Amino acid sequence: MTDYSDFSAEDFAMDDYFIQWVKSSADSSTSEFWTSWLEQYPDKKDTIVQARQLVFSVDFEETFPDQKEVQSMWQVISDQAFEEEILERETSTTTIFRTQVFKIAASILLLVLPIGGGLYYWYSQQQEVSYLTQNGQVKAVLLPDGSQVTLNANSVIRFNPSLQTDQIREVWLDGEAFFHVKRTASKARFIVHTKQLNVEVLGTTFNVNTRHKKTRVILNTGKVTLTLSEHKQDPPIQMVPGDLVECKESEKKIMKKTVNPDTYSSWTQSRLVFNATTLAEIAEILADTQGIKLTLQDTSMASLQFSGSVSANRTDLLLLKLSKAFRLNIVRQPTGEILLEKSTHE
Amino acid sequence: MKDKRDVYKDRILPLKESDLSLWNRFRSGDREAFSTIYRLYVSALYNYGMKLSRDREQVKDAVQDLFIELWKKHSTIGETTNIKYYLYKCIRRKIIRNIEQSAKFLPDTGFTTENNYNPVSSPEDLLIDIQSVDQKKVYLNKALTHLTQRQREALFLKYYDSLSNSEIASLMAVNEQSVYNLVYQGLQLLRKFFPVEVLLFFCILSF
């Protein structure tokens, strides 16, 4: 048995036998030992008190994930662990026979088989895919890596269909889209290219709008890094959730502010949400997404601010709300344009 | 009579599966064993991870990556009789590498490894601390923030997880003497922060 007579408080506190006793996980013989030891060395009482206190003081705060986090983490794990297993099997056969000849041969072979995956694989290597939306149209696009893109009206997104989870994932956007990027185990980068900048992420949700010779990025969750297309040497811009960054084609300057990101992605829920939005901006949004040409009678109306929301396919209701809020008349022109003019009567 | 009941008990109650057997089932590609390991250890790994980094997302990422990698390598992984210890080793390596990497890539933000290693209570934390009813715990947790990251980690592994000194040594990639020193110095520092009232409190409680 250890000789405890020269022990300091720290020595005691580090002794496993002593810790057992203090943490009351000790059996009766351990407790008996320490009680009788104390009787034998009564002058050590102070040291023992301090040692006990030391053991108690090493009391760590516990940080456990909640049930929801445990679930969502498992979702990510099982998705990626089991899914990539299947992917690996598929790609390992294609990498062995990389030659073009084999690819063609394989695709012919697979045509005979019920699944045309080989053909698709070969074909997709050659072609770029693009999705395009019309006035008032919102399209959900699922990328090959599992990331989700919601494409707003009058927008185009292009990408290579061989986009994989283990390499840099790149898409090109003109218009507006909301991204829900899937994180991958290999931490593959995901880059949205626009005319003005590159938005680089690992896995996150954000909105990109490239209309009117400017690119506007609003980050909902996660982290993204921006680099300017024309000034690659400039330090990258880091964004945190709630940040809005706007970059105009004509200016080198970048505007950054904090906003409620949900306002900017509300269109994905088929709603138009305005929060102190000016009439000029509303007119712009209607032109961009609905192809509605709204003209304001005079420039003083442009800065009127409107807050409220409306279903995206009820622009008639929005116009009605605007006319009531600002006492305006809605005049539908024969050209299809809509003119907002100040009401003359009270 | 008593003996009979014990035999009966053994027969009907499923014995807790040993780490070795659970691990081997996982290594042979059993998904159920894999998810069991996750359920058994996710909280402990998360808790330990939060002692190494204060960034919740970083810890979550590390736990996810760890399990994804485990499954991908399951057929080539070695045996273990102590799953928790094995996983602790993996998560530690991951988080420390992440911290070092982010420090390397963001040199201008003032984000240093040391900052991340030494989370200090914010004024809000302290306020909450003061308002908390459990005065004893308040003071204890505050004292712990005065230790270095490595001292704190060694103490956590020894007192919270009851790992042996040799296990702690190999986990933290140092020798046993260093573990001893870390713990000893940590305790010495803690003792400096004992206020008199707490001493009294313990005197009354202890005996």
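First to last, the protein sequences are chains F and G.
Position in the first sequence (first residue = 1) + 39 = our numbering.
Position in the second sequence (first residue = 1) + 519 = our numbering.
Glycine residues also receive a C-beta, built at the ideal position from the N, C-alpha and C atoms.
Since this is a predicted model, take the numbers as computed values, not measurements.
Quick one: residues in its chain with C-beta nearer than 7 Å to the C-beta of residue i, no 5 flanking neighbours on either side, listed in chain order?
i, result
"I58 of chain F", "V94"
"S70 of chain F", "W60"
"K178 of chain F", "Y170, T172 and L190"
"S572 of chain G", "V578, I614, I618 and N635"
"M53 of chain F", "none"
Any beta-carbon of chain A closer than 9 Å to the one on residue i?
i, result
"Q119 of chain F", "Annotation note: the requested chain A is absent from the structure, which comprises protein chains F and G."
Is any beta-carbon of chain G found at less than 9 Å from that of residue i?
i, result
"A52 of chain F", "yes"
"F46 of chain F", "no"
"E108 of chain F", "yes"
"R222 of chain F", "yes"
"I324 of chain F", "no"
"S70 of chain F", "no"
"T102 of chain F", "yes"
"E49 of chain F", "yes"
"Q89 of chain F", "yes"
"Q206 of chain F", "no"
"S186 of chain F", "no"
"Q79 of chain F", "no"
"V240 of chain F", "no"
"V115 of chain F", "yes"
"I257 of chain F", "no"
"I58 of chain F", "yes"
"Q92 of chain F", "yes"
"M278 of chain F", "no"
"I154 of chain F", "Note that I154 of chain F scores a pLDDT of 44, beneath 50, so its modelled location is shaky and nothing firm can be said."
"T41 of chain F", "no"
"D55 of chain F", "yes"
With a threshold of 9 Å between beta-carbons, can residue i be considered close to chain F, or not?
i, result
"W542 of chain G", "no"
"N566 of chain G", "yes"
"I587 of chain G", "yes"
"S537 of chain G", "no"
"Q583 of chain G", "yes"
"M691 of chain G", "no"
"Q707 of chain G", "yes"
"F553 of chain G", "yes"
"V652 of chain G", "Its pLDDT being 38, under 50, V652 of chain G is placed unreliably in this model, and the coordinates cannot settle the point."
"L606 of chain G", "no"
"R710 of chain G", "yes"
Which whole-angstrom value is the C-beta distance of residue i and residue j, which I expect to be below 8 Å?
i, j, result
"F699 of chain G", "E49 of chain F", "The sequence as given places Tyr at residue 699 of chain G; Phe does not occur at that position. Contact doesn't hold; Cβ gap of about 10 Å is too wide."
"V247 of chain F", "L265 of chain F", "Contact flag wrong, Cβ pair sits at about 10 Å."
"S186 of chain F", "K221 of chain F", "5 Å"
"T249 of chain F", "D213 of chain F", "6 Å"
"L236 of chain F", "L267 of chain F", "5 Å"
"I610 of chain G", "G568 of chain G", "6 Å"
"L367 of chain F", "S382 of chain F", "6 Å"
"D709 of chain G", "S96 of chain F", "Going by the sequence as given, residue 709 of chain G is Leu instead of Asp. So it is a contact: roughly 5 Å between Cβ atoms."
"K570 of chain G", "R671 of chain G", "7 Å"
Under DSSP, the alpha helix (DSSP H) around residue i begins and ends at which residues?
i, result
"F345 of chain F", "Not the alpha helix (DSSP H): F345 of chain F falls in the beta strand (DSSP E), residues Q344 to S350."
"F365 of chain F", "T354 to F365"
"F553 of chain G", "R550 to L571"
"I687 of chain G", "N684 to L690"
"D273 of chain F", "No alpha helix (DSSP H) holds D273 of chain F; DSSP gives it neither H nor E."
"A192 of chain F", "Here A192 of chain F belongs to no alpha helix (DSSP H), and DSSP marks it neither H nor E."
"T302 of chain F", "P300 to S304"
"K472 of chain G", "Nothing can be reported for residue 472 of chain G, as the shown portion of chain G is limited to 520 through 726."
"L318 of chain F", "L318 to Q329"
What is the residue span of the beta strand (DSSP E) that residue i lies within?
i, result
"W211 of chain F", "R208 to D213"
"F198 of chain F", "V195 to F198"
"Q59 of chain F", "Here Q59 of chain F belongs to no beta strand (DSSP E); instead the alpha helix (DSSP H) covers D55 to V61."
"M294 of chain F", "I293 to T297"
"N237 of chain F", "L236 to V240"
"I230 of chain F", "F229 to H232"
"S169 of chain F", "V168 to L171"
"V256 of chain F", "K253 to T260"
"E285 of chain F", "D282 to K287"
"L267 of chain F", "V263 to L267"
"N248 of chain F", "T244 to N248"
Leaving out five residues before and five after residue i in sequence, what residues of the same chain have Cβ atoms less than 6 Å from its Cβ?
i, result
"F218 of chain F", "V188 and F245"
"S594 of chain G", "none"
"Q176 of chain F", "A192"
"E209 of chain F", "I230"
"V693 of chain G", "none"
Go through its chain and collect everything with a Cβ distance to residue i's Cβ below 8 Å, but skip five positions before and after it.
i, result
"K315 of chain F", "The question names Lys, yet the displayed sequence has Ala at residue 315 of chain F. Within the same chain, A315 of chain F has close Cβ partners Q344, F345 and S346."
"N305 of chain F", "A quick correction: the sequence has Ser, not Asn, at residue 305 of chain F. So the qualifying residues of the chain are L311, V312 and S348."
"A673 of chain G", "I687, M691, V698, L701, V702 and G705"
Would you say the beta carbon of residue i is closer than 8 Å to some non-hydrogen atom of the ligand GTP?
i, result
"E598 of chain G", "The ligand GTP is not among the ligands present in this structure, which contains no ligands whatsoever."
*Can you list, in chain order, the stretches of the beta strand (DSSP E) that have 3 or more residues and sit fully within the stretch 88-112 of chain F?*
If we require 3 residues or more, the stretch 88-112 of chain F turns out to have no beta strand (DSSP E) run fully inside it.
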